[in-house]
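Residue numbers (our numbering), protein chains in the order written: chain P, 30 to 230; chain F, 30 to 230.
See below for the structure under consideration.
2 protein chains.
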Amino acid sequence: MLPNLPMSGLPVNAPYHHGDLRAAALQMGMERLESQEQPDLGLRALARDLGVSATALYRHFPNKDALLDALALEGLNRLGRSQAEAATKAGGGRDGFTEVGITYVEWAVEHPALLRLIYNRVGQVDLAADDPSVMGEALYQLRTGIAATMPDGMSKDQRAAAALHAWSLVHGLAMLILDGQVPYDPAMVRKVVLMTDFRDC
Amino acid sequence: MLPNLPMSGLPVNAPYHHGDLRAAALQMGMERLESQEQPDLGLRALARDLGVSATALYRHFPNKDALLDALALEGLNRLGRSQAEAATKAGGGRDGFTEVGITYVEWAVEHPALLRLIYNRVGQVDLAADDPSVMGEALYQLRTGIAATMPDGMSKDQRAAAALHAWSLVHGLAMLILDGQVPYDPAMVRKVVLMTDFRDC
DNA sequence: CAAGCAATGATAACAGTGTCAACATAAGAG
DNA sequence: CTCTTATGTTGACACTGTTATCATTGCTTG
Chain P
30 MLPNLPMSGL PVNAPYHHGD LRAAALQMGM ERLESQEQPD LGLRALARDL GVSATALYRH
90 FPNKDALLDA LALEGLNRLG RSQAEAATKA GGGRDGFTEV GITYVEWAVE HPALLRLIYN
150 RVGQVDLAAD DPSVMGEALY QLRTGIAATM PDGMSKDQRA AAALHAWSLV HGLAMLILDG
210 QVPYDPAMVR KVVLMTDFRD C
Chain F
30 MLPNLPMSGL PVNAPYHHGD LRAAALQMGM ERLESQEQPD LGLRALARDL GVSATALYRH
90 FPNKDALLDA LALEGLNRLG RSQAEAATKA GGGRDGFTEV GITYVEWAVE HPALLRLIYN
150 RVGQVDLAAD DPSVMGEALY QLRTGIAATM PDGMSKDQRA AAALHAWSLV HGLAMLILDG
210 QVPYDPAMVR KVVLMTDFRD C
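This is the structure:
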């Protein structure tokens, strides 16, 4: 999604036009989200480190929220891809389902700031915006991805409830770990996720 | 915890000294947390609406984070009280345990901004602070409160895993609802919480 | 009761932020 | 080659948290 830019840092002859400032800004934002727990995604700070004036970013994003939304969307796509990958790799059935849940927590631990940004932004998407389906699409994929890995032999309602149960469990576990309430222990994560049993629903 | 102040609004003869600015600030902050989804807890905004200068609050809080910490602590105490209340009211056993979990979600729905503040602040408590146990104490109470309502007949490890499972489930469900990912449906909440079964651990 | 000290408040200022309007430059289309 | 459009810059405004300095009040102690 983010095209490869010349990684040689800031251009030496800094031309008046940057080339692809939008992609560069998103890339720098993503790098910070990946490398720092509480990244500084301020417009001025980003522009400064991009070697560009503070208001240049307004030619590519209507405001700061739009930039954050773009980053959150990219993060949502990456999370969805990771989930889909885990689902196919683990195969179907109960075991596959468990692995997908564990993958969710692992991904959250590996990309804490990005996961936080996703849920911060997703919560206040303006459904009356120009393109209401961009973020919603990615979210829909994530949710159906979760539902798709449900064990067989359930009614539609059961599947919905079970999907919500599973999503809540791994999301809550991830958030508690990210918030420092629970130490990250892969064995414990597996144990907790395995405690879910759908026999009585 | 917050002593009752004269509720007659701002004093007419606005004396030089406010009386109990700290309590008034906390009360106003708490009111905003209870009545707005995304309350403005800025120091200047609070001071302005309190009819006081921007820097007056620095006589009662070393910085903004300290004010937010105080609000989060109060929120944590309220949440803990609500949990304890639900625990005793529901009695022990599996049914009581279920009710406590449901209460957690209900409390989150009723106090969304406050729950968010709690977990935002709790995540970055400075354990080297002057009084490292204030917030930690309240959290410890909340966690033991959860563990205390576990069904009987479990080993210590089982209890720990089961408590983490339960906490993760209701916390995740609450967060998804607060973030607008899932509509709040009490029946659905009950259904999802009831899906947890500890028979196979 | 008076004096003095500590607690509490106000003002001014600094650095930082998001955002807008006006202006400058480069790139591409006719 | 010219003109339009895209892109970047400068300056400004209204915010924010925070600090240093000064003003006022109230409590304590002689």
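Every residue gets a Cβ at the ideal spot worked out from N, C-alpha and C, and that includes glycine.
In this text the structure is predicted, and so the values were computed from the model without any measurement.
The segment 129–152 of chain P: positions lying closer than 9 Å to chain F by Cβ: Per Cβ criterion, the list reads Tyr148, Asn149, Val151, Gly152.
Proximal residues of chain P, C-beta to C-beta of aspartate 201 of chain F below 9 Å: In the second sequence, the residue the question calls residue 201 of chain F occupies position 172. What sits at residue 201 of chain F in the sequence shown is glycine, not aspartate. When 9 Å is used as the limit between beta carbons, glycine 201 of chain F is near these residues of chain P: Trp196, Ser197, Leu198, Val199, His200, Gly201, Leu202, Ala203, Met204, Leu205, in chain order.
Chain F within 8 Å of leucine 62 of chain P, Cβ atoms only: Translated into positions along the first sequence, residue 62 of chain P becomes position 33. No - not a single Cβ of chain F is within 8 Å of the one on leucine 62 of chain P.
Whole-Å CB distance - leucine 105 of chain P paired with leucine 171 of chain P, under 8 Å assumed: The residue labelled residue 105 of chain P in the question sits at position 76 within the first sequence. The residue labelled residue 171 of chain P in the question sits at position 142 within the first sequence. A Cβ-Cβ distance of about 7 Å is found for the pair leucine 105 of chain P and leucine 171 of chain P, placing them in contact under the 8 Å criterion.
One or two residues paired with threonine 132 of chain P in a DSSP bridge: Stepping through the first sequence from its first residue, residue 132 of chain P is reached at position 103. Partner(s): none; threonine 132 of chain P has no beta bridge.
Range of the contiguous alpha helix (DSSP H) that encloses alanine 192 of chain P: The residue labelled residue 192 of chain P in the question sits at position 163 within the first sequence. Element bounds for alanine 192 of chain P: 185–207.
Contact set for leucine 70 of chain P: own chain, Cβ-Cβ below 7 Å, skip 5 residues either direction: Here residue 70 of chain P refers to the residue found at position 41 when the first sequence is read from its first residue. The beta carbon of leucine 70 of chain P lies closer than 7 Å to those of Gly58, Arg61, Leu97 in the same chain, with the five residues before and after it left out.
First and last residue of the uninterrupted alpha helix (DSSP H) at glutamine 67 of chain P: If you number the first sequence from 1, residue 67 of chain P lands on position 38. Judged by DSSP secondary structure, glutamine 67 of chain P falls outside any alpha helix (DSSP H); it is assigned neither H nor E.
As assigned by DSSP and simplified to three states, the class of threonine 178 of chain F: One-based indexing of the second sequence puts residue 178 of chain F at position 149. Of the three classes helix, strand and coil, the one that applies to threonine 178 of chain F here is coil, per DSSP.
Stretch pair the segment 120–135 of chain F + the segment 67–87 of chain F: three plus CB contacts closer than 8 Å: No, because fewer than three Cβ pairs between the segment 120–135 of chain F and the segment 67–87 of chain F fall closer than 8 Å, the two stretches do not touch.
Local Cβ density within 10 Å of serine 82 of chain P, reported as buried at 16 or more and exposed below that: To locate residue 82 of chain P, count along the first sequence from 1; it is residue 53. Serine 82 of chain P comes out exposed.
Alpha helix (DSSP H) segment containing aspartate 78 of chain F, residue limits: One-based indexing of the second sequence puts residue 78 of chain F at position 49. 72–78 is the extent of the alpha helix (DSSP H) around aspartate 78 of chain F.
Proximal residues to leucine 24 of chain P (C-beta, below 7 Å), its chain only, five neighbours per side dropped: With chain P running from 30 to 230 in the structure shown, residue 24 of chain P is simply not present.
For serine 82 of chain P, the first and last residue of its enclosing alpha helix (DSSP H): Start at 1 with the first residue of the first sequence, and residue 82 of chain P comes out as number 53. Where serine 82 of chain P is concerned, there is no enclosing alpha helix (DSSP H), given that its DSSP letter is neither H nor E.
Status (buried if at least 16 other CB within 10 Å, exposed otherwise) for tyrosine 169 of chain P: Here residue 169 of chain P refers to the residue found at position 140 when the first sequence is read from its first residue. Exposed.
Tyrosine 148 of chain F, enclosing alpha helix (DSSP H) - first and last residue: Residue numbering aside, residue 148 of chain F sits at position 119 when the second sequence is read from its first letter. Taken as a continuous stretch (DSSP letters only), the alpha helix (DSSP H) holding tyrosine 148 of chain F covers 141–151.
Threonine 225 of chain F, buried or exposed, once every other Cβ within 10 Å from all chains shown has been counted against 16: Taking the first residue of the second sequence as position 1, residue 225 of chain F is located at position 196. A buried status is given to threonine 225 of chain F, since no fewer than 16 other beta-carbon atoms sit within 10 Å of its beta-carbon.
Residue-level contact to chain P via CB, lysine 234 of chain F, 8 Å cutoff: Not covered by the structure: residue 234 of chain F. The range shown for chain F is 30 to 230.
Local Cβ density within 10 Å of glutamine 65 of chain F, reported as buried at 16 or more and exposed below that: Residue numbering aside, residue 65 of chain F sits at position 36 when the second sequence is read from its first letter. Classification for glutamine 65 of chain F: exposed.
In DSSP terms, what threonine 225 of chain P is bridged to: The count along the first sequence starts at 1 and reaches residue 225 of chain P at position 196. In DSSP, threonine 225 of chain P forms a bridge with F:Thr225.
Option nearest glutamine 153 of chain P by Cα separation, candidates P:Ala101, P:Thr84, P:Gly48: As a working mapping, residue 153 of chain P is identified with position 124 in the first sequence. Of P:Ala101, P:Thr84, P:Gly48, the smallest CA-CA separation from glutamine 153 of chain P is found for P:Ala101.
Cβ shell of alanine 176 of chain P (< 7 Å), same chain only, five flanking positions each side left out: Translated into the one-based positions of the first sequence, residue 176 of chain P becomes position 147. Exclusion of the five residues before and after alanine 176 of chain P leaves Arg188, Ala192 as the residues of its chain whose Cβ lies within less than 7 Å of its Cβ.
For glycine 109 of chain F, the first and last residue of its enclosing alpha helix (DSSP H): By one-based count along the second sequence, residue 109 of chain F stands at place 80. Per DSSP, glycine 109 of chain F is one residue of the alpha helix (DSSP H) stretching across 93–119.
Neighbouring residues, chain F, relative to methionine 217 of chain P (Cβ below 8 Å): Translated into positions along the first sequence, residue 217 of chain P becomes position 188. Ala190, Leu193, listed in chain order.
Exposed unless 16 or more other CB atoms sit within 10 angstroms - verdict on arginine 110 of chain P: Reading the first sequence from its first residue, position 81 is the one you call residue 110 of chain P. Residue environment: arginine 110 of chain P is assigned as exposed (fewer than 16 neighbouring CB atoms within 10 Å of its CB, all protein chains considered).
Sequence-distant residues of its chain with Cβ nearer than 6 Å to leucine 143 of chain F (five each side left out): Counting from 1 along the second sequence, the entry for residue 143 of chain F is found at position 114. These residues qualify, in order along the chain: Leu62, Gly104.
Residue-level contact to chain F via CB, arginine 208 of chain P, 8 Å cutoff: On the first sequence, position 179 is the one that residue 208 of chain P refers to. Strictly speaking, residue 208 of chain P in this sequence is aspartate, with arginine absent from that position. Residue contact check for aspartate 208 of chain P against chain F: a CB pair falls below 8 Å.
Cβ pair alanine 203 of chain P, alanine 115 of chain P closer than 8 Å: Start at 1 with the first residue of the first sequence, and residue 203 of chain P comes out as number 174. Start at 1 with the first residue of the first sequence, and residue 115 of chain P comes out as number 86. Taking a C-beta distance under 8 Å as the contact criterion, alanine 203 of chain P and alanine 115 of chain P do not qualify as a contact pair.
Test: methionine 224 of chain P CB closer than 8 Å to a CB of chain F: For the purposes of this step, residue 224 of chain P is taken as residue 195 along the first sequence, with counting starting at 1. Interface criterion met: the Cβ of methionine 224 of chain P is under 8 Å from a Cβ in chain F.
Beta-carbon gap between serine 184 of chain F and leucine 198 of chain P smaller than 8 Å: Start at 1 with the first residue of the second sequence, and residue 184 of chain F comes out as number 155. Start at 1 with the first residue of the first sequence, and residue 198 of chain P comes out as number 169. In this structure, leucine 198 of chain P does not lie closer than 8 Å to serine 184 of chain F by Cβ.
Inter-residue spacing [alpha-carbon to alpha-carbon] between arginine 145 of chain F and alanine 190 of chain P: Your numbering for residue 145 of chain F matches position 116 in the second sequence. Your numbering for residue 190 of chain P matches position 161 in the first sequence. Rounded to whole angstroms, arginine 145 of chain F to alanine 190 of chain P spans 25 Å at the Cα level.
Local Cβ density within 10 Å of alanine 231 of chain P, reported as buried at 16 or more and exposed below that: Absent from the structure is residue 231 of chain P, since the part of chain P shown begins at 30 and ends at 230.
Local conformation of tyrosine 213 of chain F per DSSP, three classes: Within the second sequence, residue 213 of chain F is the residue found at index 184, counting from 1. Correct three-state label for tyrosine 213 of chain F: coil.
Closer than 8 Å to chain P by CB, valine 211 of chain F: Position 182 of the second sequence, counted from the first residue, corresponds to residue 211 of chain F. Any Cβ of chain P closer than 8 Å to the Cβ of valine 211 of chain F would place that residue at the interface, and such an atom is present.
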